[in-house]
Structure formats: structure tokens, C-alpha cells
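**Student:** If you read the protein sequences in the order shown, they are chains A and B. What the first sequence shows, in our numbering, is residues 142 to 393, in sequence order. What the second sequence shows, in our numbering, is residues -12 to 80, in sequence order. We put the beta carbon where it would ideally sit given N, CA and C, even for glycine. Quantities reported herein were computed from a predicted structural model and do not represent experimental measurements. What follows is a single structure, and I will ask about it in a moment.
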Amino acid sequence: MGRDEALFQYLLRLGDNALVLAQRLGEWTGKAPVIEEDLATANTALDLIGQARMWLTYAGEVEGKGRDEDKLAFLRDVSDFRNVLLVEQPNGNFADTIARQFYFDAWNVRALGALRGSRDARIADIAGKSVKEAVYHLERSSDWVVRLGDGTDESHAKMQAAIDDLWMYTGELFAADEVDRFMADAGMGFDPVTLHAPWLEEVERTLDDATLATPGAGHMQRGGKQGVHTEKLGYLLAEMQFLQRAYPGAQW
Amino acid sequence: MKEWPLWEVFIRSQHGLAHKHVGSLHAADAEMAIRNARDVYTRRNEGVSIWVVKAADIAASSPGDKEALFEPANSKVYRHPTFYPMPDEVKGI
């Protein structure tokens, strides 16, 4: 695997994680449980869109085929997306959305923290800008996990169910493949395995505060990073890409 | 969530200026109120500091007392500091 190919794939993964999660969060706009959450969720989505733009712009430059952030976001098919399966999972109820966000934020803060030390100056710069947002996202999502977990019987049950249901999508965050190993060896990325212990420690601590049980080890789904997605991503892209597909080059 | 209390939000826009009332929101407690205020009222870099106060804890003057409270001052021109020219450089007053 050549340097440019590994770097391109790596940047797509970072960009697609942010883009797909932002699109999911955007689905709440106008119908979140309360208006304050509506705005806060949309804020988080906008932060993630900003991160996705920086990663995908850089990815397009590395690829060198004239694809910019928009072409990469709106004109790639499902199997060309490189996000982890976790972020494409549907919003479900509010607890499902919070569990997905919490698992991702706890990883993202550490991933971006590690990338700040990347030997690739552009990666280090993007990570440095993004990590401050991620820290705030994690504060918010952890707070909700605790409020709902340690809330009423009903909110506790829903939060626990969400934590359990999404657990099988967390393993992929820490599974290294050829691309990860290349980037880690080159000093441009990090070995995902090294994030697992600190991530788990934080998850356990928060779930403990929330009076929730941390799921035990079990079978983990993976494939998103290599382009093998759940069927849910196709529907998400159909909505997100519709305008550019139906009216190529349309602008507003 | 219907029972979340109402909070009044005050934002200080820059160092040296006073906090200013910007609006209100609902939140379960003070911590959540500050986060919500951050997301609702400071998305465009409006502030450096946020105060939140439970709306129920604010004591307000009664509109019926307006005459007794405020009108006596209007007839005493010497109480209004309008005779001093302000230098252009002085801002925020």
C-alpha cells in the first residue's frame, strides 16, 4: 500500500465519520424533544460538518483527481464510504441518539488528541481545531447518559437498552487494519488499539455514574472502515445526496 | 420535560462590559441551563461569560408602581448628567 493511498483512505474515514454522524444528527432538526436540544443537536452536527469538510478537502487533494469536498460527499456510492458502522445507525429514540454520540465522542476526543501529534502537519492542524469541539460534545453526551440513566425507571430502561444495542458497533473503533498500521508506522496516525483501554475506562466510569451496566465483551460488527456497511447507510445517502444526483452541479 | 424550570440568561459580550439579559430557556438545573445557553445564545461568538438565574428567583418591580418609582426623577434636571461632553475614545458607557 502506497503512502498516498493509505493517507487518502485514512482521511476518508475521518471525514466520513463526521459527515455521516452530522447527517444523522441533522435528522433531529425541528423535532428534537425540546427546542434547546434541537439547537444543541444541530450545533453538534454543524461542528461535525466543519470537521468533515476539512478532512474531505484534504482527502481530495491527496487523491489528486480533482474531487473536492462536495464531490466526495455527494457523488460517492455506499461502498465508497469509509465511516464506522456506529455513526450510520439510525437515531432511534433520544437515548439511542445519545448512546451513539457518547460512544463516538469518547473515541473522537482521544483520536483527535492522538492526531494532534501527527507528523503530517495538516492532520495535526485539523485535529487541533476539532478536538475542542469534540471535548464539548463529550461533555454534553456524557451528561445526558447520566441524566437519563440515573433518571426515572423509564429513562433508565431506555438508556440501558440503547447502550446494549449499540455496543456491538464499538469494537470497530479499535480494530486496526492495513491502513491504520501504515499510518501509525509512518507517525501520521495512531494505533487504534491503544485507545481502547482509556475509552473503556471512561465509558465504564460514566455508565457507573449513570447507574447503568457496561455490556460485556461480545461479538463485534465491523466492515465500515473498509466500505462494507449496514443497509441503513444507503437510505441516509439517498436523502443526503438526492439534490446533487437529481440536479448535478446545483448551487444555492 | 414539561416541568423543567425557566431560566433567564445573561451574557457578557467582552471583558469590561456588564452581563446583559439576552433571553430565557428551559433546563433541568443550572449546569444544563449554562450548556443550553451556550448552544442557544452564543453560537456566533457572542460571549465570554454566561450567567443563568432561575426566573422564579427574580424579584421584579410592579408596573403599577411606575409613577411612584420613576417619575420624580424626571422633573429634576440636575440629576441627569447630560452636561458633560464624553470623549470619543471612551466606549462602553
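Could you please give the first and the last residue of the uninterrupted alpha helix (DSSP H) stretch that includes Trp248 of chain A?
**Tutor:** Start at 1 with the first residue of the first sequence, and residue 248 of chain A comes out as number 107. First-last of the alpha helix (DSSP H) with Trp248 of chain A: 235 to 256.
**Student:** Check whether the segment 11 to 26 of chain B and the segment 188 to 208 of chain A are in contact - that is, three or more C-beta pairs closer than 8 Å.
**Tutor:** Judged by Cβ distances under 8 Å, the segment 11 to 26 of chain B makes no contact with the segment 188 to 208 of chain A, as fewer than three pairs qualify.
**Student:** Could you tell me which residues DSSP puts in a beta bridge with Val219 of chain A?
**Tutor:** Your numbering for residue 219 of chain A matches position 78 in the first sequence. DSSP lists no partner for Val219 of chain A.
**Student:** By DSSP's criteria, Trp285 of chain A is part of a beta bridge. Which residues make up the other side?
**Tutor:** As a working mapping, residue 285 of chain A is identified with position 144 in the first sequence. Answer is none; Trp285 of chain A lacks a bridge partner.
**Student:** Three-state secondary structure (DSSP) at Gly156 of chain A?
**Tutor:** Here residue 156 of chain A is taken as the residue at index 15 of the first sequence, counted from 1. Gly156 of chain A: helix per DSSP, three-state reduction.
**Student:** Taking 7 Å as the line, does the beta carbon of Ala193 of chain A fall inside it for any heavy atom of the ligand MG?
**Tutor:** In terms of ligand content, the structure shown is empty, and the ligand MG therefore cannot be addressed.
**Student:** Would you check if the distance between the CB atom of Ser296 of chain A and the CB atom of Ile239 of chain A is smaller than 8 Å?
**Tutor:** Translated into the one-based positions of the first sequence, residue 296 of chain A becomes position 155. Translated into the one-based positions of the first sequence, residue 239 of chain A becomes position 98. Contact flag unset, no.
**Student:** Taking the alpha-carbon of His370 of chain A as reference, which of A:Tyr310, A:Glu345, A:Asn184 has the nearest alpha-carbon?
**Tutor:** By 1-based counting over the first sequence, the position of residue 370 of chain A is 229. Closest option to His370 of chain A, Cα to Cα, is A:Tyr310.
**Student:** Can you check whether the C-beta of Leu153 of chain A is within less than 8 Å of a C-beta belonging to chain D?
**Tutor:** Among the chains of the structure shown, chain D does not appear; the protein chains present are A and B.
**Student:** Going along the segment 143 to 170 of chain A in order, which residues come within less than 7 Å of chain B, judged by CB to CB distance?
**Tutor:** For the segment 143 to 170 of chain A, which is checked against every Cβ of chain B, not one residue is closer than 7 Å.
**Student:** Which residues bound the alpha helix (DSSP H) around Ile176 of chain A?
**Tutor:** Along the first sequence, read from residue 1 onward, the residue named residue 176 of chain A stands at position 35. Taken as a continuous stretch (DSSP letters only), the alpha helix (DSSP H) holding Ile176 of chain A covers 176 to 204.
**Student:** According to DSSP, Arg(-1) of chain B sits in a beta bridge with which residue or residues?
**Tutor:** By one-based count along the second sequence, residue -1 of chain B stands at place 12. Its beta-bridge partners are B:Ser36.
**Student:** What residue range does the beta strand (DSSP E) around Val334 of chain A cover?
**Tutor:** As a first step, residue 334 of chain A must be located in the first sequence, where it is residue number 193. Careful: Val334 of chain A lies outside any beta strand (DSSP E), inside the alpha helix (DSSP H) at 334 to 350.
**Student:** At least one CB of chain A closer than 8 Å to the CB of Thr42 of chain B: is that the case?
**Tutor:** Start at 1 with the first residue of the second sequence, and residue 42 of chain B comes out as number 55. Checking the sequence shown, residue 42 of chain B turns out to be Ala, not Thr. Chain A contact via Cβ: absent.
**Student:** Using a cut-off of 8 Å between C-beta atoms, extract the partners of Ala17 of chain B located in chain A.
**Tutor:** Taking the second sequence and counting its residues from 1, the one referred to as residue 17 of chain B is at position 30. Here the premise fails: no neighbours, minimum Cβ distance about 12 Å.
**Student:** Use the C-beta contact count for Thr293 of chain A: other C-beta atoms within 10 angstroms, 16 or more gives buried, fewer gives exposed.
**Tutor:** Locating residue 293 of chain A in the first sequence gives position 152, counting from the first residue. With fewer than 16 Cβ atoms within 10 Å of its Cβ, Thr293 of chain A is classed as exposed.
**Student:** Would you call the segment 199 to 218 of chain A in contact with the segment 172 to 187 of chain A, where contact means no fewer than 3 C-beta pairs closer than 8 Å?
**Tutor:** These segments do not touch.
**Student:** Once the 5 residues before and after Asp84 of chain A are set aside, which same chain residues still bring their CB inside 6 Å of it?
**Tutor:** The shown model of chain A, from 142 to 393, leaves out residue 84 of chain A, and the question about it has no answer.
**Student:** Distance, Cα to Cα, Phe215 of chain A vs Gln385 of chain A?
**Tutor:** Within the first sequence, numbered from 1, the residue matching residue 215 of chain A stands at position 74. Within the first sequence, numbered from 1, the residue matching residue 385 of chain A stands at position 244. Looking at the two C-alpha atoms, the distance is approximately 6 Å.
**Student:** With a cut-off of 8 Å on the beta carbons, I'd call Asp291 of chain A and Ala351 of chain A a contact; round off their distance for me.
**Tutor:** As a first step, residue 291 of chain A must be located in the first sequence, where it is residue number 150. As a first step, residue 351 of chain A must be located in the first sequence, where it is residue number 210. Going by Cβ atoms, the distance from Asp291 of chain A to Ala351 of chain A rounds to 5 Å, so yes, they are a contact pair.
**Student:** What is the DSSP secondary structure of Val9 of chain B, counted as helix, strand or coil?
**Tutor:** Here residue 9 of chain B refers to the residue found at position 22 of the second sequence. Reduced to three states, the DSSP call for Val9 of chain B is strand.
**Student:** For Val272 of chain A, which residues in chain B fall below 9 Å Cβ to Cβ?
**Tutor:** In the first sequence, residue 272 of chain A corresponds to position 131, counting from 1. Chain B residues near Val272 of chain A: none, gap ~18 Å exceeds 9 Å.
**Student:** Chain B beta carbons: is any one of them nearer than 8 Å to that of Ala173 of chain A?
**Tutor:** Looking up residue 173 of chain A in the first sequence gives position 32. No, no contact with chain B.
**Student:** Since Arg363 of chain A contacts Ala316 of chain A with CB under 8 Å, what's their CB separation in whole angstroms?
**Tutor:** Locating residue 363 of chain A in the first sequence gives position 222, counting from the first residue. Locating residue 316 of chain A in the first sequence gives position 175, counting from the first residue. Between Ala316 of chain A and Arg363 of chain A the Cβ distance is about 6 Å, and since that is below 8 Å, they are a contact.
**Student:** If you measure between the beta carbons of Leu227 of chain A and Glu168 of chain A, is that distance less than 8 Å?
**Tutor:** Here the question's residue 227 of chain A lines up with position 86 in the first sequence. Here the question's residue 168 of chain A lines up with position 27 in the first sequence. No. Outside cutoff.
**Student:** Just to confirm before moving on: does the CB-CB distance between Thr347 of chain A and Val272 of chain A stay below 8 Å?
**Tutor:** Counted from its first residue, the first sequence places residue 347 of chain A at position 206. Counted from its first residue, the first sequence places residue 272 of chain A at position 131. No. Outside cutoff.
**Student:** Rounded to the nearest angstrom, what separates Leu155 of chain A and Arg217 of chain A at their Cα positions?
**Tutor:** Along the first sequence, read from residue 1 onward, the residue named residue 155 of chain A stands at position 14. Along the first sequence, read from residue 1 onward, the residue named residue 217 of chain A stands at position 76. The alpha-carbon atoms of Leu155 of chain A and Arg217 of chain A are separated by roughly 15 Å.
**Student:** What residues of chain B sit near Leu180 of chain A, judged by a beta carbon separation below 7 Å?
**Tutor:** Sequence index remark: in the first sequence, residue 180 of chain A carries index 39 (1-based). Those within 7 Å of Leu180 of chain A in chain B are Asp26, Val27.
**Student:** Under the assumption that Trp38 of chain B contacts His13 of chain B (Cβ atoms under 8 Å), give the Cβ distance between them as a whole number of angstroms.
**Tutor:** For this step, residue 38 of chain B is matched to residue 51 along the second sequence. For this step, residue 13 of chain B is matched to residue 26 along the second sequence. So it is not a contact: roughly 17 Å between Cβ atoms.
**Student:** Helix, strand or coil, according to DSSP, for Lys63 of chain B in the structure here?
**Tutor:** Here residue 63 of chain B refers to the residue found at position 76 of the second sequence. Reduced to three states, the DSSP call for Lys63 of chain B is coil.
**Student:** Using a C-beta to C-beta distance shorter than 7 Å, which residues of chain A count as neighbours of Leu12 of chain B?
**Tutor:** The residue you call residue 12 of chain B lines up with position 25 of the second sequence. The answer, in chain order, is Glu177.
**Student:** When the Cα atoms are used, what is the spatial distance from Leu341 of chain A to Gln192 of chain A?
**Tutor:** In the first sequence, the residue the question calls residue 341 of chain A occupies position 200. In the first sequence, the residue the question calls residue 192 of chain A occupies position 51. Each residue's alpha carbon lies about 24 Å from the other.
**Student:** Provide the residue span of the alpha helix (DSSP H) that contains Glu380 of chain A, from first to last.
**Tutor:** Counting from 1 along the first sequence, the entry for residue 380 of chain A is found at position 239. Taken as a continuous stretch (DSSP letters only), the alpha helix (DSSP H) holding Glu380 of chain A covers 373 to 387.
**Student:** Going by the CB atoms, is the gap between Val225 of chain A and Phe149 of chain A shorter than 8 Å?
**Tutor:** By one-based count along the first sequence, residue 149 of chain A stands at place 8. By one-based count along the first sequence, residue 225 of chain A stands at place 84. Against a cut-off of 8 Å, the Cβ pair of Val225 of chain A and Phe149 of chain A comes out as no contact.
**Student:** Distance, Cα to Cα, Arg241 of chain A vs Gln230 of chain A?
**Tutor:** Counted from its first residue, the first sequence places residue 241 of chain A at position 100. Counted from its first residue, the first sequence places residue 230 of chain A at position 89. Cα to Cα, Arg241 of chain A sits roughly 8 Å from Gln230 of chain A.
**Student:** Leaving out the 5 sequence neighbours to the left and right, which residues in its chain are closer than 6 Å to Gly328 of chain A when beta-carbon positions are compared?
**Tutor:** Taking the first residue of the first sequence as 1, we reach residue 328 of chain A at position 187. Excluding positions up to five away in sequence, the list reads Arg260.
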